[in-house]
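Peer 1:
Numbering (the numbering used here), first residue to last: 1 to 543.
#1: Rounded to the nearest angstrom, how far is the Cβ of residue 155 from that of residue 198, given a contact under 8 Å?
#2: My understanding is that residue 238 touches residue 273, with C-beta atoms under 8 Å, so please give their C-beta distance in whole angstroms.
#3: Please report the Cβ distance between residue 326 and residue 308, rounded to the nearest whole angstrom; I am assuming they are in contact, meaning their Cβ atoms lie under 8 Å.
#4: Quick check: the Cα distance between residue 228 and residue 202, rounded to an integer number of angstroms?
#5: Can you tell me where the alpha helix (DSSP H) with residue 537 in it begins and where it stops?
#6: On the CB-based measure, 16 or more other CB atoms within 10 Å of its CB, does residue 250 come out buried or exposed?
#7: Three or more C-beta pairs closer than 8 Å, one from the segment 133-151 and one from the segment 248-267: is that the case here?
#8: Which residues in the same chain have their Cβ closer than 7 Å to the Cβ of residue 112, if we skip the five residues on either side of it in sequence?
#9: Could you name the residues of the same chain whose beta carbon sits closer than 7 Å to that of residue 90, not counting the 5 residues immediately before and after it, in chain order?
#10: On the premise that residue 467 lies in contact with residue 412, defined as a C-beta separation below 8 Å, what is that separation, rounded to the nearest angstrom?
#11: Among the candidates 72, 78, 100, 62, whose CA atom is the shortest distance from the CA of residue 30?
#12: Looking only at its own chain, which residues have a Cβ that is under 6 Å from the Cβ of residue 544, when we skip the five neighbours before and after it?
#13: Once the 5 residues before and after residue 345 are set aside, which same chain residues still bring their CB inside 8 Å of it?
#14: How should residue 1 be labelled, buried or exposed, when 16 other C-beta atoms within 10 angstroms of its C-beta is the threshold for buried?
#15: Does residue 324 pass the burial test, meaning 16 or more other C-beta atoms within 10 Å, or should it be called exposed?
#16: Looking only at its chain, what residues have a beta carbon closer than 6 Å to the beta carbon of residue 118, apart from the 5 residues adjacent to it on each side?
#17: With three or more C-beta pairs closer than 8 Å as the rule, is the segment 262-282 touching the segment 172-191?
#18: So, are the CB atoms of residue 476 and residue 513 less than 8 Å apart?
#19: Does the beta-carbon of residue 302 have 16 or more other beta-carbons within 10 angstroms, so that it is buried, or is it exposed?
#20: Spatial neighbours of residue 392 within its chain, please: C-beta separation below 6 Å, excluding the five flanking residues on both sides.
#21: Quick test of the definition: if touching needs 3 or more C-beta pairs under 8 Å, does the segment 18-32 touch the segment 44-57?
#22: Tell me which same chain residues have a C-beta within less than 6 Å of the C-beta of residue 355, skipping the five on either side of it?
#23: Here's a check: name, in chain order, each residue in its chain whose Cβ is nearer than 7 Å to the Cβ of residue 178, leaving out the five neighbours to either side.
#24: Across which residues does DSSP place residue 384 in a beta bridge pair?
#25: Considering just the uninterrupted stretch of the alpha helix (DSSP H) at residue 366, what are its terminal residues?
#26: Near residue 410, what residues of its chain come up, given a Cβ to Cβ distance below 7 Å and the 5 sequence neighbours on each side ignored?
#27: Whole angstroms are fine: how far does the CA of residue 124 sit from the CA of residue 285?
#28: Measuring only the C-alpha atoms, how far is residue 181 from residue 357?
#29: Output needed for residue 528: all residues of its chain with C-beta closer than 7 Å, excluding positions within five of it in sequence on either side, in chain order.
#30: May I ask you to report which of helix, strand or coil DSSP gives residue 320?
#31: Going by DSSP in three states, residue 527 sits in which element: helix, strand or coil?
#32: Pick out whichever of 246, 184, 193, 195 has its Cα sitting closest to the Cα of residue 210.
#33: Apart from the five residues just before and just after residue 361, which ones in its own chain have a Cβ nearer than 7 Å to its Cβ?
#34: In three-state terms, what does DSSP make of residue 511?
#35: Give every residue of the same chain whose Cβ lies closer than 7 Å to the Cβ of residue 524, excluding the five residues on either side of it in the sequence, and list them in chain order.
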């Protein structure tokens, strides 16, 4: 085998155009692609040189002059919309190598890489990385010319519900529409970016006064509030907006972003669908929340959450038929904390799924112990289900699988859902309730009657029980109106064959009134407070 022939074959297969010239520019070798590209007649090899072949509008002397000061030299030229780059360099024996390659594909690839590195593929807006570069540059510019900018941190209210209820395809379409509406609402020089799932930012330049900021925020909200139709569904979208102003709320980009985020969460914790301009008092409260969230994370890791059980009593037999599971935090320094001290922070953050799974697992684990303790009695344990849990597409299968893993029959679990949280998506709520009911779970509607209750929806829901809020029970012995409300709820429940449970019963008088008007189940301090599992078992055995 002739090794030279092997190299010639390899070079002929190479997609680039490759040629070799001696130090005077005389032609020595070219591969097939080079010969075809420049119309070389190899039979005239002896009389050919670089300037005669003329692959580029430069002379060989020019090439040599460039290589005199550099190891290599390259030029680019467009041929029929295709961009080629030519590389020239010397070999050790003073031959000049010329390699010409199409770089159009590489350039296109570079553009794609740049685009994906700097823009959001869904909305085509600048992404977090590019936004940070832009913000840094604009802050430097503002520092030099003394102008002010406003940074808007924008969060789509209740977007998680849309994803969980209607699926990510609908959620993605909503984000695309929101992005377009934001872009169409801002000024020409303003910059809109998407920096997270449902989080957008707006850099408003050359701000003269707060009135401009407020007008822009109101304009954004008005535009977004317009009904949004996606796949036959109509949505009324709102925004929570936090605003930080340069330089009074920070001179560094990270400080402005942090303070705008803090202001946005001030809106979230109140009524949403609003905007707030940052002030220093917000930071101390945010720091407290941040500290509390860190403690909650630690508590989850160290298993500091424990379930307590408040007995549920049958009015007919005066016997315990079950209990409501209520979570408690055994804090290492503050003692036992109730849900009012921590639950809102958990459900509004990124720990809600982990927390909800933990609660269900603990209840199922405790039930296995109770079933062993009460050999002849299978109690029904009621578990509070958050709106996000209920509307999650995987909730029914997850809770069913968990029950099977612990060997617990689904009929021992009552899933308690707050009535007003499901009425806004009644059709999906109906499907989810039917699915859970078919699996064997019992369903209770909590806080029934607190807000306007729809009998039309109620008749279609396969629920087992209505729970009357303590608000109506508190004055039932003294207030005839409250008594009549409770009577009407009980009568309504009987029409649909639902059971009724009263919460917050504290006195014998309340208990006897409810028993007289036909309430089915009783829960409250009149019987017992919520007890740790071992104390609940002892309490049950005494009754």
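Even for Gly, the Cβ is constructed at its ideal location relative to N, Cα and C.
Peer 2: Judging by the given coordinates:
#1: Indeed, because the Cβ distance is near 6 Å, the residues count as touching under 8 Å.
#2: Contact between residue 238 and residue 273 holds, since their C-beta atoms are separated by about 4 Å, short of 8 Å.
#3: Sure, about 5 Å apart at Cβ, within 8 Å.
#4: Here the alpha carbons of residue 202 and residue 228 stand approximately 21 Å from one another.
#5: Per DSSP, residue 537 belongs to the alpha helix (DSSP H) from 533-542.
#6: With 16 or more Cβ atoms within 10 Å of its Cβ, residue 250 is classed as buried.
#7: The answer is yes - the segment 248-267 touches the segment 133-151, with three or more Cβ pairs under 8 Å.
#8: Cβ within range, chain order: n/a, list empty.
#9: Within the same chain, residue 90 has close Cβ partners 67, 96.
#10: So it is not a contact: roughly 18 Å between Cβ atoms.
#11: Answer by Cα proximity: 100.
#12: Since the first residue shown for the chain is 1 and the last is 543, residue 544 is missing from the structure and cannot be characterised.
#13: The residues are 289, 292, 293, 296.
#14: Any reading at residue 1 must be qualified, since the residue scores a pLDDT of 42, below 50, and its modelled position is unreliable; no value is offered.
#15: Counting every other CB atom within 10 Å of its CB across the protein chains shown gives residue 324 a total of 16 or more, marking it as buried.
#16: In chain order, 130 place their CB closer than 6 Å to the CB of residue 118, counting only its own chain and leaving out the 5 sequence neighbours on each side.
#17: Short answer: they don't touch.
#18: Contact flag set, yes.
#19: Residue 302 is classed as exposed because its beta carbon has fewer than 16 other beta carbons within 10 Å across all chains shown.
#20: 164, listed in sequence order.
#21: Contact between the segment 18-32 and the segment 44-57 is present, because at least three Cβ pairs lie under 8 Å.
#22: If we look at residue 355 and ignore the five residues flanking it on each side, its Cβ neighbours are 346.
#23: The answer, listed in chain order, is 156, 224, 237.
#24: Checking the DSSP bridge columns, you'll see residue 384 partnered with 416.
#25: Where residue 366 is concerned, the enclosing alpha helix (DSSP H) stretches over 352-373.
#26: Closer than 7 Å at the Cβ level, and outside the excluded window around residue 410, lie 400, 403, 439, 440, 441.
#27: Looking at the backbone, the Cα of residue 285 and that of residue 124 are separated by about 35 Å.
#28: Answer to the nearest angstrom: the Cα atoms are 37 Å apart.
#29: The residues are 310, 311, 539.
#30: Three-state result, residue 320: strand.
#31: Coil.
#32: Residue 246 is the option with its Cα nearest to residue 210.
#33: Here the set comprises 402.
#34: Looking at residue 511 - three-state DSSP - the assignment turns out to be helix.
#35: Counting only Cβ-Cβ distances below 7 Å, and skipping sequence neighbours, we find 503, 504, 505, 506.
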